[in-house]
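Here the structure comes first, spelled out in structure tokens, and everything after it is commentary.
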Amino acid sequence: MTNQEIMDLDKEFIIPTYARFPIAIERYKGALAYDFEGREYVDFTSGIGVNSIGGGNPHWIKAINTQAEKLAHMSNLFYTEPCANLAKRLCLSTGMDSAFFCNSGAEANEALIKLARKYSFDKYGANSNRNVIVTLKNSFHGRTMATITATGQDSFHNYFFPFLEGFRYVEANNLDDLKEACSSGDVCALLIETIQGEGGVLPLKDKYVIDACNFCHDNDILFLIDEVQTGIGRTGKLFSFQTYNTKPDAISFAKGIAGGLPFGGILVSNKLKGVFTPSTHGSTFGGNPICAAAANATLDIVEEALPQINEKGQYIKNRIESIKSPYLGDVCGRGLMLGVQIHTLSHKELAAKFIENGLLVLTAGKDRIRLLPPLNISYDEIEKGLIAFELTMKGI
Ligand SMILES: Cc1ncc(COP(=O)(O)O)c(C=O)c1O
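Per the numbering used here: the sequence shown = residues 28 to 423.
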């Protein structure tokens, strides 16, 4: 099929929840994507952080094929090997104590929300009304009813009334605001992203993360981190919380964990191990053996890539900062999660210009281009992408 035929078919039969760019991607190898006319694009998006190990990795393909031949799905009423191994591996490399698996970031955050409320219900009783989840303004936590409510952006709190009760929003990096929000004694958890990804690739201050964690621990308020975008090596550590001297009570993850297959989950500390019991939570596809096998193979490759992630991110940052353009602002972020401020055109129009020059980029916040290249991207691929970046900046 041609790009045009696919676009026409899509427009006729798919509900347009995404404003797509006018290309159809046929295949993906390393960090290079190809459309149906054979045009090559350097991918600085990783499919919004999912293709953590790029495309066509033979170790990942073999793991999927081997597992598919043995067992594609059973159900969570039975034990399966890839899941058990994955949980052990994630717990040992984070110091967390147990895992729950699901299929996406929103579903993982839903699990955190339910976990926090049940912890508080079990410990303090239904009459305590200690069920409020505090999140940060400008955050993003997903698109289910609970997670859009958790998302601290007014633009998401529209159309779908009534939203859920029991969420409160505080300013990022403002400990007093957090303390004030918790002063009535009805808060059971704080949920944060350490770098607000969709919100503009804005890292929280290290001191705020540590102080907020200590404040929560001192008040038995669960300290929860949404690692859906920052996790699985993206910021130079397996999970971003490992950058700070903190231990969250639980984290959520998804996106990059299975290298392109739908998978997510939460990791919880010992304190929360007994909160979910049979029938209090679940997911038919959660922990699917093929996806779990893909996740184990992805982690093999991410672990190998980890030592170079900060260096590659710094290289991209330095090269972009050296481009002479009146429109370029600052470059923020950590590891291979970068946000470039550009003061011209709408960010959607800008992204379209980069794509015209063969570079796939994302947008974030009000005025940023977001870069999330595959974690094992080669320097040759980075260079190709940066040439297209510079060309675009010179042409606007
Ligand atoms: C920080 C964060 N949390 C949650 C989500 C939702 O993940 P999903 O789209 O897999 O439901 C996203 C998606 O962009 C995200 O960036």
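For each residue, glycine too, the CB sits at the ideal point set by N, CA and C.
Per DSSP, Thr93 lies in no beta strand (DSSP E); the unbroken alpha helix (DSSP H) holding it starts and ends at Pro85 to Lys97. Judged by the Cβ position, Ser267 fails to qualify as a neighbour of ligand 1 at the 7 angstroms threshold, every heavy atom of the ligand being at least this far. Counting other Cβ atoms within 10 Å of its Cβ, Pro353 stays below 16 and is therefore classed as exposed. When the beta-carbon positions are compared, Ile278 and Leu294 come within less than 8 angstroms of each other.
Cβ contact annotation for Glu137 (same chain, cutoff 7 angstroms, sequence separation greater than five): Thr171, Ala173 and Thr174, in chain order.
Taking the Cβ of Asn136 as the reference point, at least one heavy atom of ligand 1 falls within a distance shorter than 7 angstroms. The nearest non-hydrogen atom of ligand 1 is less than 7 angstroms from the C-beta of Gln256.
In this structure, Asn30 sits away from Ala46, with a CB-CB distance that is not shorter than 8 angstroms.
Listed as beta-bridge partners of Ile222 by DSSP are Pro230. Ligand 1 never approaches Ser79 closely enough for any of its heavy atoms to be under 7 angstroms from the residue's Cβ. As the crow flies, the alpha-carbon of Arg157 is around 41 angstroms from that of Ile80. Nearest to Ile343 by C-alpha distance, out of Tyr406, Lys56, Ile259 and Ala143, is Tyr406. Counting of Cβ neighbours within 10 angstroms places Phe188 among the exposed residues, the total staying below 16. In the assembly as shown, Glu408 is a buried residue. Its beta-carbon has 16 or more other beta-carbons within 10 Å. By the criterion of a C-beta distance shorter than 7 angstroms, Glu96 is surrounded by no residue of its chain, once the five residues flanking it on both sides are discounted.
Taken through DSSP and simplified to helix, strand or coil, Thr162 comes out as strand. DSSP places Thr176 in the uninterrupted alpha helix (DSSP H) bounded by Met172 to Ala177.
In the displayed model, Phe188 falls within coil according to three-state DSSP, outside both helix and strand. In this structure, DSSP gives Val255 a state outside helix and strand, which the three-state scheme calls coil.
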